[in-house]
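Protein sequence lines, in the order shown, are assigned to chains Z and L. Just so you know, we're using our numbering here: the first sequence kicks off at 1284 and counts up by one. Just so you know, we're using our numbering here: the second sequence kicks off at 9 and counts up by one. Every residue, glycine too, gets a C-beta built ideally from N, C-alpha and C. Since we're looking at a predicted model, the values are computed, not measured.
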Amino acid sequence: ALLVPTPDVLAAPTQLLAANYSNQRTASRAETVALKDLLGRWEKEYNVTIFYESDLVRNKRVPAQADGATLDAKMAEVLPQAALTFKKLRADYYLVVENSNTVSTAKTANVSVADVTVSGRVTQANGEGLPGVTVVVKGTANGASTDVEGRFSLTVPEGSTLVFSYVGYVRQEVPVAGATTALNVTLVEDTKALGEVVVVGYGTLARQELTTAVSSVGAQQIERQKVAGFDQALQGQAPGVQVTAPTGAPGAGINVRIRGNSSLNSSNSPLYVIDGVPVLPTYDRELSVGNQKPNPLNAINPADIESIDVLKDGAAAAIYGVRASNGVVVITTKRGRSGKPQVGFNAYYGVQSLRKKLDVLNSRQFAEYYNESQANAGAAIGYPDLNNLPPYDTDWQDEVYRTAAIQNYQLNVSGGTDKTHYYVGGGYFKQDGIILNSGFDRFNFKLNFDQKAGEKFRVGTNLNLSRTNTNGSVRSELGLGNSGTVLGTLAQIPTIPVRDANGTYGLNPFSLSDNPVGNLLESSNKSLSYQVIGNVFGEYNILKNLQVRSSIGIDFRTQLENEFITRNYPGTSRADASTRGSGRTGTTLQNIWLWENTVTYNPNIGDKHSLQLLVGQSVQASNRFASNASVRGYASNAVPYLSAGTERLGTSSYEEEWGLTSLFARAIYSYEDRYLATVSLRQDGTSRFDEHYGYFPAVALGWRISKENFFPQNSKVSDLKLRGSFGSNGNQDLSYTYQRFSSYVVGANYTGNSGTVQGGIRPDRIGNRSLKWETSNQYDLGLDLGMFNDRLTLTADAYLKRSKDLLLSVPLAPSTGAQVLDIIQNVGSVENKGLEFALNTANVQGQNGGFTWSTNLNVSLNRNKILDLGTLANDEGDLVDRTIIYDYSISQKGKPLGSFYGFKTQGIFQTQDEISSAPTQPNNPQPGDIRFVDVNGDGVINNDDRTIIGNPNPKAIAGVTNTFSFKGLDLSVFFQGSFGNDIYNANRQALESLTGPVNQLTTVLDRWTPTNTNTSIPRAVYNDPNNNGRFSNRWIEDGSYVRLKNLTLGYTLPTSIINKARISSLRVYVSGQNLLTWTDYSGYDPEVSADPFSSTGLGRDFGVYPQARTYTVGLNANF
Amino acid sequence: CDILDKPPLPSISPENFFQSADDAEAGLTAAYDALQGTGLYSQDLIAVGEMPSDNCTSNNGDVASLDRISWTPTTSQVYNIWRDSYLGINRANAVIRYVPTITMDEARRKQILGEAYFLRALHYYNLVKLYGGVPLRLEPTESGEQSVIALPRATVEAVYTQIVADLTAADAAVPASNANRVTNGAVNSLLAKVYLTQRQWGAAVTAANKVISTGRYSLVTNFKGLFPAENKVSETILEVQNQGNADGNNILPDLLLPSPPATYSFPKFNIPTLFLSKENEKPTDLTSVVDTVNDRRWSRVSTTTVRVDTVLYVRRDYASFVLSSSRSRGASSNDLGPFVYKWPGAPNAFNSPDNTYILRYADVLLMYAEAANEQAGPSADVLEKLNLVRTRAGLAALTPVSPQYASKKAMRDEIDRQRRLELAFEGERWYDLLRYARHNQAEAGAHAVTALDIIQQRLNRPDANYLLFPLPQAEINNNAQLQQNPGY
């Protein structure tokens, strides 16, 4: 049996045109039969669907062949006689296509030649045998297919050519020189073909039928990267999908943005649909330190994923309604194939290290700088004798960073019969962090199973269980004064030791700052999660073309967090002894269940028309309970639990629930495969708003120009399609589920008449019961082009997305009496527009293990702009456009989200005269201080002189992957980059501030002094009276980069060697991640964000855990 | 459908609150708690009552802008008083809106509502005298509708009408005795103050007399014994109950007294003008009105011992002064100068448990005297009330034959003076001066000093616009229904 893995989302097998089956009759070998009838008969006989474009099959007759053992063999025998061939897209889904290389039916050469027997094995690039490959003698119907180990044997005329073809792989032709038993062929995956079936949400569609913008990423692309989660592996693989690892912290959340940010206060995260279960990841922590959060998507082992389909445009996403406005990522996991059990074992081990160190001052340089800064402020100097400095020169980066291991082991067993398919996998992944006391590990278990019960009924399950452990002890996104690890490591001074001779942690004698090494060694903050994501389903075929499906899904998570800070923690060493040592614990229990029912119907409405209908209903409800408690004052470090603490600091628990009821319908229609149309509508009822029900329509049209009669048939253009779509999506995801309700809180206590305090409850926040979802309306215009028989494919899209009724936090007038003086209102709109290109080329297609080279390139450009934020009254009482100013960014009409907002600098004051003639800067600037620009020209430098000084949104992002193979070698080179984005280097703001007892970058050696005036670095002065360090364009840097993200070189061992070890295939490889980065950015890494999920605080580098460079070795074995 | 009906589980909301008698009590407690806001009796309302006046001066931050009459819509006190008053109004409104729907003891319900009416009236009175006509919000704010969150200003008259209506309702509902809480005495004392502000002398006399005639209240013998205010029941009519912790802090001691000896140091702002240099002085500083020999409320210290039975000042050049173990003069120039000792406080920063008087009996007696004098000139009745205050302070009783107080004008000046001395630094002076200035528009020269005189002195121009605060900028920006007061 030849069976291809079947993505589970089989709810709606898609048909181009279902073959009709006419009266069944027995035909003798000599007879011919209408091909159309024959295909129809096979469909019924094998319970499969065979698709073809009607004009390919029309009127053709073939011999009524029935000799093949399997349907595949029969089709391989029959179809070439009609100048056709087929592709098997799934176990029960065949696509009949033109066989451009078929010469003519059963034409035999005039010269009679001897038949020889050839046999051999067909393998994949990794050496695994490839079962079910069709091997045909070119120009004949003579052929065979390979067995489960990829072996075949054929008797063929000498001198003929064998054609090896298999769906998803590049066809190969091999001339037969003579009898042989070692005709070994390696087929290369055809990335274009892999995407031929696209998962579109509640169904699948052949790519050529697609009218919306969907990017597909296959298993190989995902597995290539040595990262914890699939979200990170998506980076650079699909146009329009911007993936940023905001931090190098193992296990942390990854920022995925599809076609830009469209919301200020709601989530900008796409909806993930994992085996049919919609998951909106909540990166919640009870015990937060810094901004990075454990990533619930890490519950999925990337090795279990078959494909990822990203629904980008409004029309594609609209079937997911009120949660779809940030796009939808559909994850399909692997399923078993019919046949002998396949055992796969994959393992890799690697080392990670800090990509680059930043240069900071040594002891002597620091002492000189610090003395100078004190002296300039008229304060006592810190190091009176520079020749007698403390005997330390601590390199804190060397003390805090380490070489860390990354390892992954995965074992899976899959297989099945024609009734049963199973895939069982288990994995262990462990990534130590490159900073002390950090890391992530995951155990996961995967079961996908389905069973046919009779001819019409099928039941199954997709189940993913995981246990993840994130060590969040590193205090990122914090400064030295707040015990921040990363910035603390850079800013702690070199003249103190990590530990002195007594073992006491060194502390900064000039300021209350911690010892970053001690902090890490004396604290522990761990988060342990168990997650279950999956469903059970049943499908019943009422008729061949009418199917009902029901599934019950679950998204369950329990997260347990524990923190313990010992008595020896340097940060509290100055605190009263009775309060040292602290413990915190937090728990989260979340259960989201889902019940979904769908009906798909593919009515037969004639040869020229194809129609696929879907209606469905879904109910989803969530409950989340969380609690936390904290204590301090541990008499001993012996017992790190709350019970051993002496002082109870706080306890809290809360619970929240939401529900969603949905109805949806979709019709996909095509006329002669030329004119394509999809319409869909989803009604979502949400518990989050009083106005429960929202309607989200979509319409998409496609025109396959290459199918028109006027289109030149012998053109180099093999496929040309124009698409256009409109879709409306919602966004309901406010951080707090109950935002619309007014609330009261306890704590407004007052002394009663008895003289004792009574508990008071006061109004707190004013709700807004008329809130509703944000709505995004998106238009997409796309082009799909295939050339040279699809060796080159280009997909281009242009889109315009307008999101309105933003759930904006708007300040309230204090006369409302609200304690919390803001309210969420549906105000304002944001626009994203852009262009996307994806180009796949098969540059060189080698035969029989020869040199093969293919390229996959994608480029995306997005432009983001705030269209409206509502109005407010200005000081004169007139209504003006609202702007919202944050710490370092601004939201303003006409500007992109997250625009940096600060001062502009204009060199350094050299003389007192210069200062006197310049606009007034308060606080008496001195020569050597920075001159700021008087933007509003009022002669005074104040907050009104702030202006937009940078844009953190990239102008373009791109990814390019080149894959090469030759004999047993394979090589893939993946570059990825971001262009035109600015980064706010807030690290440098601390490390070049020249204001106090913190270490500085070596760039400050060029600081302004009366004798060193030609510089851009101001003078050193304690406390920075001129506020030289204020947020200005001095801290804005170009964040563009190009990165060799991954390079993998593999070698598949020859079968002759490994067969002795009973291994059917074995590939070993070496791989490097983040190998080379070209950038002008001066910080650790240009891929950075201190506020990972904010749309208004993008692109700030402040104490963020740096990315690692990783080298791994690994193996893939199959038994 | 159940799936879509998800009430807010973890929060108290209008949906699940105000269901029981306990809820009613908790709502009322929160309404009282609002009095402790930074913008109200813990700090700003008192600071504004003194700092612009001729009682004190400062060089420090926003407080200095009060002193210099240079406040703007963004001055913190302008914002805080407005915000905290409306917080209190909203809490009272919640009680008034929901308590009638609760099944509970009828008498208790009535009393709770009465206390809430009083508190609402008190907040509106504070607002109207500082800002003029303000938005009149009589329902708890629970919706984002523009018609709810952006109210226009009501007229001054409408606000006063509401205040009188609320106090009238309160008077019928609250008891005569109600420790730490609102009584008929408090209601009528506030009513007297409201009528006095509106120059309704007869009504003010009637209201004040309702308090006096109960016989419940009397002046404590020893003036020093009044401070700190700790429910001295004979003179207390209403105090803000502070606890010195999260359940109520009085910030004033830390602003009025020298730094505690620890590292903590806060520049004080409330410095009496007695010994300040001329440039900072205001038209009539306290020296000109104090009988420093006899007046027990005031003591000028010139030796190394301190008479701590007084409540006001010590000399700025007095080097080794020690008030208590926790309060002594530091080295900072901020610690120089005389200071107020009405809130001796505790040295834990901003956490004083000292109560603050909202209304006390001496105030009522002086209001009675003022209204009765305006109504009918100096009378035995007026003298009787005034003398109660004078004699307790150690001053001689005035007699009907004292020639210098025979005229209404002379008596008015003496009553003004006694109000200033008796209630100094309790947050009354500037409001009195404002009231006199508003009188002045009708009756020029009726008072020796009015707010207009201070404005003239500080700004070098007679700018009546400064008799009203501006509306805070945050209100103007977010409520398009409002017009800023003229001049700002």
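Between the CA atoms of residue j and residue i - distance to the nearest angstrom
i: leucine 1362 (chain Z); j: lysine 1327 (chain Z); result: 18 Å
i: glutamine 1775 (chain Z); j: tryptophan 2318 (chain Z); result: 21 Å
i: proline 1624 (chain Z); j: valine 1431 (chain Z); result: 9 Å
i: glutamine 2442 (chain Z); j: tyrosine 2184 (chain Z); result: There is simply no residue 2442 (chain Z) to check, as chain Z begins at 1284 and stops at 2402 in what is shown.
i: lysine 1698 (chain Z); j: asparagine 1425 (chain Z); result: Looking at the sequence provided, one finds glycine at residue 1698 (chain Z) rather than lysine. Cα to Cα, glycine 1698 (chain Z) sits roughly 29 Å from asparagine 1425 (chain Z).
i: tyrosine 1452 (chain Z); j: lysine 2176 (chain Z); result: 50 Å
i: asparagine 302 (chain L); j: proline 148 (chain L); result: 51 Å
i: glycine 152 (chain L); j: serine 2092 (chain Z); result: 12 Å
i: proline 361 (chain L); j: alanine 459 (chain L); result: 32 Å
Beta-carbon contacts of residue i that lie in its chain and below 6 Å, excluding the five residues immediately before and after
i: tyrosine 132 (chain L); result: Val167 and Ile171
i: serine 332 (chain L); result: At serine 332 (chain L) the pLDDT is 43, less than 50, meaning the model places this residue with poor confidence; the figure from the coordinates comes in the next sentence. If we look at serine 332 (chain L) and ignore the five residues flanking it on each side, it has no Cβ neighbours.
i: glycine 2050 (chain Z); result: Arg2023, Phe2024 and Ser2025
i: asparagine 1880 (chain Z); result: Ser1833 and Gln1900
Local Cβ density within 10 Å of residue i, reported as buried at 16 or more and exposed below that
i: phenylalanine 1993 (chain Z); result: exposed
i: threonine 83 (chain L); result: buried
i: arginine 2045 (chain Z); result: buried
i: glutamate 1822 (chain Z); result: buried
i: leucine 1826 (chain Z); result: exposed
i: phenylalanine 1513 (chain Z); result: buried
i: serine 2086 (chain Z); result: buried
i: glycine 1422 (chain Z); result: buried
i: aspartate 2170 (chain Z); result: exposed
Closer than 8 Å to chain Z by CB, residue i
i: glutamine 251 (chain L); result: yes
i: leucine 367 (chain L); result: no
i: phenylalanine 477 (chain L); result: no
Beta-carbon proximity list for residue i, same chain, < 7 Å, skipping 5 on both sides
i: tyrosine 1666 (chain Z); result: Ala1650, Tyr1653, Asn1654 and Leu1672
i: threonine 271 (chain L); result: Because threonine 271 (chain L) carries a pLDDT of 38, less than 50, the predicted location of this residue cannot be relied on, and no value is offered for it.
i: tryptophan 2291 (chain Z); result: Ile2191, Gly2211, Thr2298, Ile2300, Pro2301 and Arg2302
i: leucine 1339 (chain Z); result: Leu1367, Val1379 and Glu1381
i: glutamine 1455 (chain Z); result: Phe1447, Val1468, Leu1470, Gln2130 and Asn2131
i: arginine 1308 (chain Z); result: Per-residue confidence for arginine 1308 (chain Z) stands at a pLDDT of 35, beneath the threshold of 50, marking its modelled position as unreliable; the derived number appears in the next sentence. Same-chain partners within the cutoff: there are none.
i: alanine 1356 (chain Z); result: Ser1428
Same chain, Cβ closer than 8 Å to residue i, five either side skipped, listed in chain order
i: leucine 2162 (chain Z); result: Thr2154, Leu2155 and Ala2156
i: leucine 406 (chain L); result: Leu391, Leu394, Asn395, Arg398, Tyr413 and Glu422
Cutoff 8 Å: residue i Cβ touching any chain L Cβ
i: alanine 1912 (chain Z); result: no
i: isoleucine 2106 (chain Z); result: yes
i: tyrosine 1937 (chain Z); result: yes
i: proline 1585 (chain Z); result: no
_Quick check: the segment 2331-2349 of chain Z against the segment 2260-2274 of chain Z, are at least 3 beta-carbon pairs closer than 8 Å?_
No, the segment 2260-2274 of chain Z is not in contact with the segment 2331-2349 of chain Z.
_Given 8 Å, three or more beta-carbon pairs between the segment 1853-1869 of chain Z and the segment 1885-1894 of chain Z_ = Segments in contact, no.
*Answer yes if the segment 2142-2153 of chain Z comes into contact with the segment 2178-2191 of chain Z, meaning at least three C-beta pairs across the two stretches below 8 Å, and no otherwise.*
With the cut-off at 8 Å, the segment 2178-2191 of chain Z and the segment 2142-2153 of chain Z touch.
*Tell me, please, whether the segment 200-219 of chain L touches the segment 375-390 of chain L by the rule of three or more beta-carbon pairs shorter than 8 Å.*
By the Cβ criterion, the segment 200-219 of chain L is in contact with the segment 375-390 of chain L, since at least three pairs of Cβ atoms, one from each stretch, lie closer than 8 Å.
*Is it true that the segment 60-67 of chain L meets the segment 112-123 of chain L, where meeting means three or more beta-carbon pairs spaced less than 8 Å apart?*
Touching, no.
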